[in-house]
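In this note's numbering, the protein residues as written are 80 to 197.
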């Protein structure tokens with residue numbers, strides 16, 4: 080099975096040549112490689128969309144990104160519930176215990192300070 084023929088109006092017939100410094104060429108090649116494009120296609124995308132082509136993520140990067148996304152979604156859900164005043168009862172009990180302990184610590188510190196001054 081052969082490749083489908085390109086219509087005449089879609090054929091790229093015009094060639095444009097540019098000169099780059101070594102540094103510019105290296106940067107172009109890096110950007111193109113990270114996007115999975117050839118340098119020519121990277122330039123074409125940049126010119127006609129005005130945006131840099133998106134960098135492709137490796138499968139490992141994709142899995143890390145997805146895990147971070149899940150964590151972010153969970154964090155947003157928890158923050159939303161807390162902002163609505165929905166606080167888990169078991170955490171509320173722990174919060175009260177911690178507040179009581181903090182109060183006792185502050186009293187002990189103030190009591191010790193009064194003895195030191197007196």
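For every residue, glycine included, the Cβ atom is placed at its ideal position computed from N, Cα and C.
If you're wondering where the values come from, they're calculated on a predicted model, not measured in any experiment.
> Cβ of residue 119 versus every heavy atom of the ligand COA: is any distance shorter than 7 Å?
Replying inline: This structure lacks the ligand COA; in fact it carries no ligand of any kind.
>> Assuming residue 131 and residue 110 are in contact, meaning their beta carbons sit under 8 Å apart, how far apart are those beta carbons, in whole angstroms?
In response: Position 52 of the chain shown, counting from 1, holds the residue named residue 131. Position 31 of the chain shown, counting from 1, holds the residue named residue 110. Contact flag correct, Cβ pair sits at about 7 Å.
> Thinking C-beta only, is residue 115 closer than 8 Å to residue 98?
Replying inline: Against the chain shown, residue 98 aligns to sequence position 19. Against the chain shown, residue 115 aligns to sequence position 36. Cβ atoms of residue 98 and residue 115: not closer than 8 Å.
> What is the residue span of the alpha helix (DSSP H) that residue 118 lies within?
Replying inline: Locating residue 118 in the chain shown gives position 39, counting from the first residue. Run containing residue 118: 118-128, per the alpha helix (DSSP H) assignment.
> How many angstroms separate the CA atom of residue 85 from the CA atom of residue 94?
Replying inline: In the chain shown, residue 85 corresponds to position 6, counting from 1. In the chain shown, residue 94 corresponds to position 15, counting from 1. The alpha-carbon atoms of residue 85 and residue 94 are separated by roughly 17 Å.
>> At the level of alpha carbons, what is the spacing between residue 143 and residue 105?
In response: Counting from 1 along the chain shown, the entry for residue 143 is found at position 64. Counting from 1 along the chain shown, the entry for residue 105 is found at position 26. The straight-line gap from Cα to Cα measures roughly 28 Å.
> When the Cα of residue 119 is compared with those of 138, 88, 107, which residue comes out closest?
Replying inline: Position 40 of the chain shown, counted from the start, is the residue given in the question as residue 119. It is 107 whose Cα lies nearest to the Cα of residue 119.
>> Between the alpha carbons of residue 165 and residue 177, how many angstroms are there, rounded?
In response: In the chain shown, the residue the question calls residue 165 occupies position 86. In the chain shown, the residue the question calls residue 177 occupies position 98. Each residue's alpha carbon lies about 19 Å from the other.
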